[in-house]
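K.L.:
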Amino acid sequence: MPPGSAFPPGAFPRVTRAAGWLRPGDGHDGAPDPFALDRERMVAEQIERRGVRDPGVLGAMREVRRHLFVPPARQSEAYEDSPLAIGHGQTISQPYIVALMTELARPRPGETALEIGTGCGYQTAVLARLVRHVYSIELVEELARQAADRLAALGYANVTVRAGDGRHGWPQHAPFDIVLAAAAPETVPPALIEQLRPGGRLIIPSGPAHAQELLRIVKDEEGGTRTEVAAAVRFVPML
0 MPPGSAFPPG AFPRVTRAAG WLRPGDGHDG APDPFALDRE RMVAEQIERR GVRDPGVLGA
60 MREVRRHLFV PPARQSEAYE DSPLAIGHGQ TISQPYIVAL MTELARPRPG ETALEIGTGC
120 GYQTAVLARL VRHVYSIELV EELARQAADR LAALGYANVT VRAGDGRHGW PQHAPFDIVL
180 AAAAPETVPP ALIEQLRPGG RLIIPSGPAH AQELLRIVKD EEGGTRTEVA AAVRFVPML
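Counting along the sequence shown from 1, when you hit position 97 you're at 96 in numbering that gives the first Met the number 0, and nothing is skipped either side.
1) Taking the Cβ atom as the reference point for each residue, do S81 and Q122 lie within a distance shorter than 8 Å?
2) For M41, which residues from the same chain have a beta carbon less than 6 Å from its beta carbon, with the 5 sequence-adjacent residues on both sides left out?
3) From the DSSP secondary-structure annotation, give me the bridge partner or partners of R225.
4) Taking D80 as part of the alpha helix (DSSP H), name the residues at either end of that continuous run.
5) Buried or exposed for R48, please, with buried defined as at least 16 other CB atoms from any protein chain shown within 10 angstroms of its CB.
6) Please report the straight-line C-alpha distance between R128 and Y134, rounded to a whole angstrom.
7) According to DSSP, is G198 helix, strand or coil?
8) If you pair each beta-carbon of the stretch 197-205 with each one of the stretch 215-225, do three or more pairs fall below 8 Å?
9) Do V160 and E137 have their CB atoms nearer than 8 Å?
10) Using the three-state DSSP reduction, which class does Y95 fall into: helix, strand or coil?
11) Rounded to a whole number of angstroms, what is the C-alpha to C-alpha distance between L67 and Q74?
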C-alpha cells in the first residue's frame, strides 16, 4: 500500500490475535484480565498521584489494556512507569505521559482528533474512548498496518489509521478539535496549527532532543494561538 494510504475500520479481517499480540486469557472478548490489579495500581500511583484528575481520562486509562499493545515478551512490564520499545526504533509512551497529554487535550464526546505517530495504537485507543473519531498517521507503514489490525480486533470502530508523514496533517478530514503528536519536531509544523478548528487544541512535544518541551497550543476564534509549556519531556524525534 503506498504512503498516505488509509487503513480504515474493517480494512483487515477481524482477528483474535491482532498483529500476533492478542492471546486467549488476555482479557479480550470477555476473557479474564490477568493485569486488572496492575492497571488499577498504575492509575492510582503513576497518574492520579501526579495530578491527573479528569474522570474521563482516568476511566479510559483504567479501561484500555496496555499489555495488549506491547510485545508478548514485555507484557509483564506493561504497567510499569516507563516507555517500552515496540520495534522500528519506536516506543509506547510512559502511561503518565499518555494520561497527561490526553488531559491537556480536554477531549469531549462528539469531537474529532488527529494523532501524529500511531505507534502501537495505545494512545489512539485512549483517545478513541473519549471522542467521536480519531484519525491517526504513522510514518512506519508496518507499524500503521499492525496498529490498524490491533485496534480493529479490539473493536475500535471509530479509528482510521494512515501510513504517511504526519507533519502535513490530514487535510481531507480537517479541521480537528484536537491534534496530538507522539513524536517531537524541533519546531511545530504549521500545517498542524492550520488544521485546528477555532477552539482546537494541539498537544505536541517540540525542541531539540536534549531540551524538548510538551506544548499546549490553543487556537482562538480569530485564528491566533496561545501556547503553554506543560512539562519537560523526551520523545522520539518526528522524522
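Heads up, the beta-carbon is just placed ideally off N, CA and C, and yes, glycines get one too.
P.N.:
According to the data block:
1) Translated into positions along the sequence shown, residue 81 becomes position 82. Translated into positions along the sequence shown, residue 122 becomes position 123. No. Outside cutoff.
2) Along the sequence shown, read from residue 1 onward, the residue named residue 41 stands at position 42. Closer than 6 Å at the Cβ level, and outside the excluded window around M41, lie Y78 and P94.
3) Here residue 225 is taken as the residue at index 226 of the sequence shown, counted from 1. Bridge partners of R225: V217.
4) In the sequence shown, residue 80 corresponds to position 81, counting from 1. Segment: none, D80 is in no alpha helix (DSSP H) and carries neither H nor E.
5) Working through the sequence shown from its first residue, we reach residue 48 at position 49. It counts as exposed.
6) Numbered from its first residue, the sequence shown carries residue 128 at position 129. Numbered from its first residue, the sequence shown carries residue 134 at position 135. Answer to the nearest angstrom: the Cα atoms are 13 Å apart.
7) In the sequence shown, counting from the first residue as 1, residue 198 sits at position 199. Strand.
8) The stretch 197-205 makes contact with the stretch 215-225: 3 or more CB pairs, one atom from each, lie closer than 8 Å.
9) In the sequence shown, counting from the first residue as 1, residue 160 sits at position 161. In the sequence shown, counting from the first residue as 1, residue 137 sits at position 138. Contact flag set, yes.
10) As a position in the sequence shown, residue 95 is number 96, starting the count at 1. The answer is helix: DSSP assigns Y95 an H, G or I state.
11) Here residue 67 refers to the residue found at position 68 of the sequence shown. Here residue 74 refers to the residue found at position 75 of the sequence shown. Going from the Cα of L67 to the Cα of Q74 covers about 8 Å.
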